[in-house]
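Here the working numbering = 1-based position in the sequence shown + 26.
Note that CB positions come from ideal geometry on N, CA and C, so glycine has one too.
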Amino acid sequence: MPILLLALLPVPPKFTGESARANEAQPQTNADVLRAVFDLVLAPLQPVAQEGTVMNCADGKTCLCFPIFSACIADHPEHAALQGIGSKSCPKCEVPCEELGRDPRLMYETRDYMLYRVKVFRHEPAEPAGIAEYFQRLGVKIGNKVFTGLDRVSPVDLHKPDLLHSIYLGLFKHRMEWVEGFLKKHKRQQAFDDAWKEIPPYPGFSVPKMAYREITQWQGKEMRNLGRCISAVLASALRNPDSSQYQDFKSALNCVSALVDFTLMAQYGSHTPDTLSYMESYLQTFHRTKVIFLEFRTSKATGAQANRQDRELRKLMADQRAKEVRHRTVANRRRLADQETVERSDQRADLIQRENHFNFIKMHYMTHFASHVRRFGSISMYSTEIGELAHEDQIKDGYHRSNKNEAARRILSHYGRQHALGIRLQTIEALSKVESVIVVEDRGMEMPTVPSHSTPRRVLKSGMKNTSTLTELCTALNIHYSNMMQEILCFIRQTAADDRRLPAGPTEPGLLPVKGFAQLEIPVPDFQETDRLQIQRARCTGTRAFRNGGSRND
Ligand SMILES: [Zn+2]
27 MPILLLALLP VPPKFTGESA RANEAQPQTN ADVLRAVFDL VLAPLQPVAQ EGTVMNCADG
87 KTCLCFPIFS ACIADHPEHA ALQGIGSKSC PKCEVPCEEL GRDPRLMYET RDYMLYRVKV
147 FRHEPAEPAG IAEYFQRLGV KIGNKVFTGL DRVSPVDLHK PDLLHSIYLG LFKHRMEWVE
207 GFLKKHKRQQ AFDDAWKEIP PYPGFSVPKM AYREITQWQG KEMRNLGRCI SAVLASALRN
267 PDSSQYQDFK SALNCVSALV DFTLMAQYGS HTPDTLSYME SYLQTFHRTK VIFLEFRTSK
327 ATGAQANRQD RELRKLMADQ RAKEVRHRTV ANRRRLADQE TVERSDQRAD LIQRENHFNF
387 IKMHYMTHFA SHVRRFGSIS MYSTEIGELA HEDQIKDGYH RSNKNEAARR ILSHYGRQHA
447 LGIRLQTIEA LSKVESVIVV EDRGMEMPTV PSHSTPRRVL KSGMKNTSTL TELCTALNIH
507 YSNMMQEILC FIRQTAADDR RLPAGPTEPG LLPVKGFAQL EIPVPDFQET DRLQIQRARC
567 TGTRAFRNGG SRND
């Protein structure tokens, strides 16, 4: 998927506390500026969406095409800003914010952004309170919505599920907080850490380098890695429960496994009705069992409220005790103090149980996954991951190379130049595949043919005798030594940062013991994507330890 940088959006200054109240007009100005920038960016799309344009089609013919703006792939705060909705509102449906964590089978009215627009223009000026209440109930802000009113664009369909932000950096992060709380309550943290450290290496899986509790910041890739092993590690940490823990442990494992299963299925490149029904049933299991983690869902506000209530209660009890202190014995006083402690902790637990909830937007997003697949296809193709990766090349690289003065302009021009050169090189490469030798413009520079894509193959090397050196290995495998050398030199150049590590002559590596070549890269077709290959690395370390674990001889 090509990603082109079209514009850099202005970031308005943040006003908090007093300054936010003092600048009431600022949010409106910010929204207007954003709208104006998007109008400018989307303006060229308007005439072609209406009248169409002749384009080369994949079948080799030219067709009249109507390119339309069809997806906005971003995190929730960006959606909320662009669609003009509240931070706890869904851009697709009118779910009330206190029902975001409810049963996924419940359906809500689809948002009608055109209706909102009409309501704003046609409302009675005498009744501003009525319209404000209407929009507040629906979680919509009055004002300009960036995507409303574009030709042939359905604003409600622009939002796409995003695995990176809603699952890996959203729900997985929350889940690990709940799991941590649960382990702490049942004193199983050490068992979890021990199991975590013992995870053996496996092709395509990076072994965690630190103990679980030492990791302070998680990235999307690490969260995905965690998703692959969390069920097994948790099951190991929660083994041998006593009779009072058995049911709780079972529910916690069911809940975590259901969420893992759901996300693994959500990553499928193609779906059938069966896979979708599995996805839905995993989601329902997750919602049914999530109550086990409710006590660990305490928000900062609830925590502060509980502390306040506890302080007030303690003061009240102390006052009461001071009045009665003369009439009590020492043993009596101690018993009373114990009773007070129990009562305070009960009150705190009651409040937390009452106030805690699962009503956050990323919990609700999952309910739209299956319907999205039915209408638009697999979820993974809409991930923000590719866009986030492109930040490095398209923005950060240009910024670092600039003198930080008028950086936006320099970022755009730097990227424009790099992109144009990249396209040119790709064109030359594509042309060179067609003809054996091509001449680049009028400079007479000849480019040799790039060898066509060879079929990857893997060679099993075990069980061969008389192969102590590389030369003997070549003879045993019936590969010409010079070909092997060429490939090895090419590999060393790509992987070794230091040129001095290159062998001096072509015969030198031939005498090296074959044990030194201890890594084999095996191309394996990707799951559901047979034309894409994943490189898995098989390693042979002999008796030496591999990373933190024992020896590895794949
Ligand atoms: Zn929704």
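If you ignore the 5 residues before and after Arg131, its C-beta comes within less than 6 Å of no other C-beta in its own chain. Assigned with DSSP and collapsed to three states, Asn266 falls in coil, not helix or strand. In terms of CA proximity to Arg265, Phe218 leads the group Ile241, Phe218 and Gly175. Ordered by chain, the residues meeting the criterion of a beta-carbon within less than 7 Å of a non-hydrogen atom of ligand 1 are Cys116, Lys118, Cys119, Val121, Tyr134, His390, Thr393 and His394. Burial check for Phe517: the Cβ neighbour count within 10 Å stays below 16, so the residue is exposed. Within the DSSP bridge table, the entry for Pro551 names Leu559 as partners. Taken atom to atom, the span from the alpha-carbon of Leu184 to that of Glu338 is near 49 Å. The closest CA to that of Asp364, considering only Gln562, Leu377, Arg347 and Glu411, is found on Arg347.
Within the model, the alpha-carbon separation for His212 versus Cys281 is close to 17 Å.
As the crow flies, the alpha-carbon of Gln215 is around 38 Å from that of Ser397. Looking at Arg380, Thr298, His297 and Glu350, the one whose alpha-carbon comes closest to that of Ser325 is Arg380.
Leu31 and Pro73 have their C-alpha atoms some 21 Å from each other. By the neighbour-count definition (other C-beta atoms within 10 Å, threshold 16), Asn82 is an exposed residue. Distance from the CA of Ala433 to the CA of Leu71, rounded to the nearest whole angstrom, comes to 27 Å. Residue environment for Asp188: buried (at least 16 other C-beta atoms within 10 angstroms of its C-beta).
Distance from the Cα of Leu108 is smallest, within the candidate group Thr79, His390 and Asn56, for Asn56.
By the C-beta criterion, the segment 305-317 is judged to be in contact with the segment 381-397, since at least 3 inter-stretch pairs fall below 8 Å.
Beta bridge pairing from DSSP links Arg163 with no other residue. Counting other Cβ atoms within 10 Å of its Cβ, His440 reaches 16 or more and is therefore classed as buried. For Val172, there is no enclosing beta strand (DSSP E), as DSSP marks it with neither H nor E.
In this structure, Asn333 sits away from Glu125, with a CB-CB distance that is not shorter than 8 Å.
Excluding the 5 residues flanking it on each side, Ala375 has same chain C-beta neighbours closer than 8 Å at Glu321, in chain order.
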